[in-house]
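Asker:
Protein chains: 2
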Amino acid sequence: MTTAESGSLLAESVYRTLVDQIFEGALPPGAPLSVPALAARLDVSRSPVRESVQRLIHEGLAVHVPHAGARVLQLDEDAVRDVLAVREALDGLAAQEAARRASADDVAGLLELVERQADLLEEPTDPLRDARLDVELHTRVREVSGNRPLADALRRLDAQAHLYTSGMWAEESNRRIAVVEHRRIADAVAAGDADGARRAASAHVAAISVRMRRWRMSH
Amino acid sequence: MTTAESGSLLAESVYRTLVDQIFEGALPPGAPLSVPALAARLDVSRSPVRESVQRLIHEGLAVHVPHAGARVLQLDEDAVRDVLAVREALDGLAAQEAARRASADDVAGLLELVERQADLLEEPTDPLRDARLDVELHTRVREVSGNRPLADALRRLDAQAHLYTSGMWAEESNRRIAVVEHRRIADAVAAGDADGARRAASAHVAAISVRMRRWRMSH
DNA sequence: ACGGGCGGTATTACATGCAATACCCCGGTG
DNA sequence: CACCGGGGTATTGCATGTAATACCGCCCGT
Chain P
1 MTTAESGSLL AESVYRTLVD QIFEGALPPG APLSVPALAA RLDVSRSPVR ESVQRLIHEG
61 LAVHVPHAGA RVLQLDEDAV RDVLAVREAL DGLAAQEAAR RASADDVAGL LELVERQADL
121 LEEPTDPLRD ARLDVELHTR VREVSGNRPL ADALRRLDAQ AHLYTSGMWA EESNRRIAVV
181 EHRRIADAVA AGDADGARRA ASAHVAAISV RMRRWRMSH
Chain C
1 MTTAESGSLL AESVYRTLVD QIFEGALPPG APLSVPALAA RLDVSRSPVR ESVQRLIHEG
61 LAVHVPHAGA RVLQLDEDAV RDVLAVREAL DGLAAQEAAR RASADDVAGL LELVERQADL
121 LEEPTDPLRD ARLDVELHTR VREVSGNRPL ADALRRLDAQ AHLYTSGMWA EESNRRIAVV
181 EHRRIADAVA AGDADGARRA ASAHVAAISV RMRRWRMSH
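Chains as they are written, first to last, in UniProt numbering: chain P, 1 to 219; chain C, 1 to 219.
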C-alpha cells in the first residue's frame, strides 16, 4: 500500500468509493471517468478526484485516453488470458515462498480462511462477498510469502482480472471447485511442501482461466 | 506506455527529469522529494511536480512517508533479491511467449540489439548507456511477448532493481557475461524454442542476482 | 441531399491560495 | 547535564481560478 494510514484522507476515501463502484458494476468497463462530474457527484473538489483517477490508471483499473479523460478498464478476452497467465506464474511463486516461510500462525490463519469459505457454501450466493473473500485468501498467501514486490505486482493483476471473473462466483459449481483448490494450496503450504504449493497455486489459476473461458462462451 | 503522446506535457517531462536524476545518482536512494523544493528548482508550479512524485510512488521508485513527503526508494539486500526472484519468473515467462510469437522482424530487431551491445564491449565503459541498452533489450523481449500486463509488471520491477544493479555495468566481466546470456535468450527466441528461451531468461536473471550479491559484498 | 467548416461546450492541464498539521530546534527547568 | 515544552517553519492536502485545446452538433454552401 502507498500509505494506508486510516487518517481521513479525502483522496483515499474517494479512491475506495470509485473502486467499490467499479467492482459493484455502478461504473462498468468503458464508463467515462470525468473529473468534474465525479467531483460534483461526490461533493468534493476536483483535486482528490483527479488524484484518485490517476491512481486508478496507475493501478491498471482505468485507462487514460489522450484527449477524453479516463475510462474504466475494458479488457478483451485475450487480455484477460494474458493477465491470468502472469498470475499463474506469480501466484505459483507466492505459494512456493509461502510454503517455505509460513509460521504456525500463518498456517492457522490460512486454513481458517479456507474453512470460512467452505462454510459459505451452505449459504445462498453473494457474489460480491464471495469475490472479496477470494481476494483476501489470495492476498494472505502473498503476504505470507514475505515478498512485497511480488504481492504488489499481484495486487494490480488481481484488480484487473477480478473485473472479469467476479461474475463467476454466482455459479455453485465454481464456488465448490474454488474451495477444493484453495484447500489444496493451503494444505501444501501447511505441510511446507514448496513445490506442491507452487503447482497447486499455478493449477488453480490455470483452472480459473479455463473456467472463465467456458463461462464466457456460455455466458 | 500510460500516455506517452508526444504532446508537451509538463508533468511528463518533470517525471522524466526526476527519473533521470534518480538513475544518474543526483537523487540517491533515501533523498527527500519535497514538492515545493522541486517545483522551485525545476521552475514549474507544484501541480505537475506533485503529480510526478505520486507517479514515482505508484511506479515503485519512491515511497511515501506519512507526514514527511516522499523519498527515493531505498531497498535492502533482501528486497532486491525479492524483486529479482519475481523477475526470474516473469522474464522467463516473457521469453517463453516471445519465442512463440516472434515475427521475423521481431527476431531481427532483437538480434541487432544484442550485436549492438556486443559492439559496445570494444568501447570504454559508459555504465549509464550500457544500463539503458540493457533495459531496452529486456523491454524488447517483453514487447515481443505481446503480453502487456506482463510487460507493465516487469517495467516496474526493472525500475526498482536497476537502482541497485546499474553500478555493476562498470565491470568488464559483467558486461561480457551479460552479452553471452542475452545472446542465448535471443537465439532461443529466434529458434522458436519456447522452453529454452524461458530457461535462458530465468537463468540470466538468477545469474544477475548472484552477481549482484557478490558485487555488493566486495562492494 | 451531403460534405466541410465553425462555434459552443466540456475537458484537461497547470497555477496558485489556504488551512491544518507535524517536525525541529532552542531555550528553560529540575 | 539531561529532559521537556513551545514557537517557528515547512510540508501536505484540498480548493479553486484560468487558459488552451479537442470534440460535437449544426449550419451553410454546393
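The C-beta atom is built at its ideal place from N, Cα and C for all residues, glycine as well.
1. What separation, rounded to the nearest whole angstrom, lies between the Cα atoms of A191/C and S209/P?
2. Flag this pair as yes or no: are the beta carbons of A118/C and V189/C separated by less than 8 Å?
3. Could you spell out the range, first to last residue, of the beta strand (DSSP E) harbouring V44/P?
4. Spell out the partners DSSP gives P32/P in its beta bridges.
5. Which chain C residues are close to D82/P, counting only those with a beta carbon under 7 Å from its beta carbon?
6. Tell me, please, whether the region 48-61 of chain P touches the region 5-19 of chain P by the rule of three or more beta-carbon pairs shorter than 8 Å.
7. Figure out for me which residue from E172/P, P29/P and Q160/P has the closest Cα to the Cα of L84/P.
8. My guess is that L33/C and V86/C are in contact by the Cβ rule of under 8 Å, so how many angstroms apart are they, rounded?
9. Is the region 192-209 of chain P in contact with the region 98-111 of chain P, if contact means three or more CB pairs nearer than 8 Å?
10. Going straight from the alpha carbon of T139/C to that of S145/C, what length do you get?
11. With V63/C as the anchor, note down where its alpha helix (DSSP H) starts and where it stops.
12. Restricting to Cα atoms, I'd like to know which of D152/P, S103/P and D76/P is closest to Y164/P.
13. Name, please, each residue of chain P whose Cβ falls closer than 9 Å to the Cβ of Q54/C.
14. Taking one C-beta from the region 61-70 of chain C and one from the region 121-130 of chain P each time, how about it: are there three or more such pairs within less than 8 Å?
15. Specify the secondary structure class of H219/P as computed by DSSP and reduced to three states.
16. Determine the chain P residues that contact L121/C at a beta-carbon separation under 7 Å, and present them in chain order.
17. Determine the direct distance from the alpha carbon of R81/P to that of R184/P, and round the result to whole angstroms.
18. Quick check: residue 220/C and R142/C, are their CB atoms within less than 8 Å of each other?
19. Which of helix, strand or coil does DSSP assign to S8/P?
20. Using only the alpha-carbon positions, how far apart do V107/P and A186/P sit?
21. Along chain C, in chain order, which residues have C-beta atoms closer than 8 Å to that of V86/P?
22. If you measure from the beta carbon of L157/P to each beta carbon in chain C, is any gap under 8 Å?
23. Expressed to the nearest angstrom, what Euclidean distance is found between the alpha-carbon atoms of I22/C and P29/C?
24. By Cβ distance, which residues of its chain are closer than 8 Å to S166/P, with the 5 residues on each side in sequence left out?
25. Please check if any C-beta of chain P sits within less than 8 Å of the C-beta of Q74/C.
26. Look at the Cβ atom of H182/C, then the Cβ atom of V114/C, and state whether they are nearer than 8 Å.
27. If the cut is a Cβ gap below 9 Å, which residues of chain C does Q160/P touch?
28. Between which residues of its own chain and H162/P is the CB-CB distance below 8 Å, once the five residues before and five after are set aside?
29. Taking the C-alpha atoms as reference points, what is the distance between E41/C and V19/C?
30. Just verifying my parser: in three-state terms, what is the DSSP assignment at T17/C?
Answerer: Looking at the atomic coordinates:
1. Taking C-alpha positions only, A191/C is separated from S209/P by approximately 28 Å.
2. no
3. Element bounds for V44/P: n/a, residue is neither H nor E.
4. R71/P
5. Residues of chain C passing the Cβ test: N147, R148, P149 and L150.
6. The region 48-61 of chain P vs the region 5-19 of chain P: in contact.
7. For the residues E172/P, P29/P and Q160/P, the minimum Cα distance to L84/P belongs to Q160/P.
8. Not a contact, Cβ separation roughly 25 Å.
9. yes
10. 10 Å
11. For V63/C, no alpha helix (DSSP H) run applies; the uninterrupted beta strand (DSSP E) run containing it begins and ends at A62 to H64, by DSSP.
12. D76/P
13. What Q54/C touches in chain P: T2, E51, Q54, R55 and H58.
14. Taking one beta carbon from each stretch, the region 61-70 of chain C and the region 121-130 of chain P have fewer than 3 pairs nearer than 8 Å; the two do not touch.
15. coil
16. What L121/C touches in chain P: nothing, since even the nearest Cβ is about 31 Å away.
17. 23 Å
18. As shown, chain C starts at 1 and ends at 219. That puts residue 220/C outside it, with no answer to give.
19. coil
20. 8 Å
21. In chain order: L90, L93, N147, P149, L150 and A153.
22. yes
23. Taking the Cα positions, I22/C is about 8 Å away from P29/C.
24. Leaving aside the five residues that flank S166/P on each side, the residues in its chain whose CB is nearer than 8 Å to its CB run, in chain order, F23, P127, L128 and A131.
25. For Q74/C, the answer is no, since every Cβ of chain P falls outside 8 Å of its Cβ.
26. yes
27. Within chain C, the C-beta atoms nearer than 9 Å to that of Q160/P come from P149, in chain order.
28. F23, A131 and V135
29. Per the sequence presented here, residue 41/C reads as Arg, with Glu not at that position. Cα to Cα, R41/C sits roughly 15 Å from V19/C.
30. helix
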